[in-house]
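Below is one structure; the comments refer to it alone.
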Amino acid sequence: MHADIRVQTEDFDISAEWAACRERCGGDCGAIVAFGGLVRDRFGDSAVQALHLEHYPGMTEDSIRRIVEQAAERWRLLDVVVVHRVGELAANEQIVLVLAASGHRPDAFAACEFIMDYLKTDAVFWKKERREDGDVWIESTAGDRSRRRSWGETTEPTNT
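The opening position of the sequence shown corresponds to residue 1234 in my numbering, with each subsequent residue numbered one higher.
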């Protein structure tokens, strides 16, 4: 299985990432599932101006790599792409892209969802929303942790 894991400040081109993934998989690929995450422009009644994401170079990529390896142990994957942006992102900008490619649709769907659920709880990022009523540090929610537990894991998230 090929894995492309990148943490970067610049935006990404979903079409180009998809085409590169498809090329790497060749004729064995029966499905590529994509998830693209965006900065929401509201939290409750507060307008969100931006999301600031920080990371620890090396450690963050390693935490994502471990998540991808866990997915590869569970499902037959040909290729995985995770691109996660850091820095100051305005409302409605792209944050994250996850592509999971497999010979069959069920593996690709499950792996993509698993990777995204684990990115929310285990990937080493620090997030702060700039809202009209002040800055707020963001942590994984009870819902995020519940989705992670739904995969049958008994260990606690590493980035709570």
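Heads up, the beta-carbon is just placed ideally off N, CA and C, and yes, glycines get one too.
Residues near residue i in its chain [Cβ-Cβ closer than 8 Å; skip 5 each side]
i: T1393; result: The predicted model places T1393 with a pLDDT of 49, which falls under 50 and marks its position as unreliable; any figure quoted below should be read in that light. Counting only Cβ-Cβ distances below 8 Å, and skipping sequence neighbours, we find T1354, E1372, S1373, R1378.
i: L1352; result: I1297, I1300, V1315, H1317, V1329, V1331
i: W1251; result: I1265, A1267, L1332
i: C1345; result: V1266, A1267, F1268, V1331, L1332, A1333
Contacts around residue i, its chain only, beta-carbon distance under 7 Å, and the 5 residues preceding and following it disregarded
i: D1340; result: W1308, R1309, L1310
i: C1254; result: I1265, D1312, V1314, L1332, A1334
Neighbourhood of residue i by C-beta distance below 6 Å, restricted to the same chain and skipping five residues each side
i: G1263; result: G1336, H1337
i: E1365; result: S1279, A1280
i: W1359; result: E1287
i: V1369; result: E1362
i: D1237; result: V1314
i: E1306; result: none
Three-state secondary structure assigned by DSSP to residue i
i: T1393; result: Note that T1393 has pLDDT 49, beneath the 50 cutoff, so the model's placement of it is unreliable and the number below is only indicative. T1393 falls in the coil class under three-state DSSP.
i: D1377; result: helix
i: S1248; result: helix
i: V1272; result: coil
i: D1366; result: coil
i: V1329; result: strand
i: L1286; result: strand
i: E1372; result: coil
i: D1340; result: helix
i: D1278; result: coil
i: G1320; result: strand
i: A1356; result: coil
i: S1296; result: helix
i: A1253; result: helix
i: R1239; result: strand
CA nearest to the CA of residue i, picked from the options
i: R1275; options: S1383, W1384, G1367, A1375; result: G1367
i: E1243; options: V1316, G1376, E1256, V1272; result: V1316
i: T1293; options: F1342, W1384, M1234, V1319; result: V1319
i: Q1303; options: Q1327, G1376, I1348, D1261; result: I1348
i: G1291; options: R1382, R1239, R1380, D1350; result: R1239
Requested in this report: Please determine if the segment 1267-1285 and the segment 1318-1326 are in contact, where contact requires at least 3 C-beta pairs separated by less than 8 Å.
Outcome: yes
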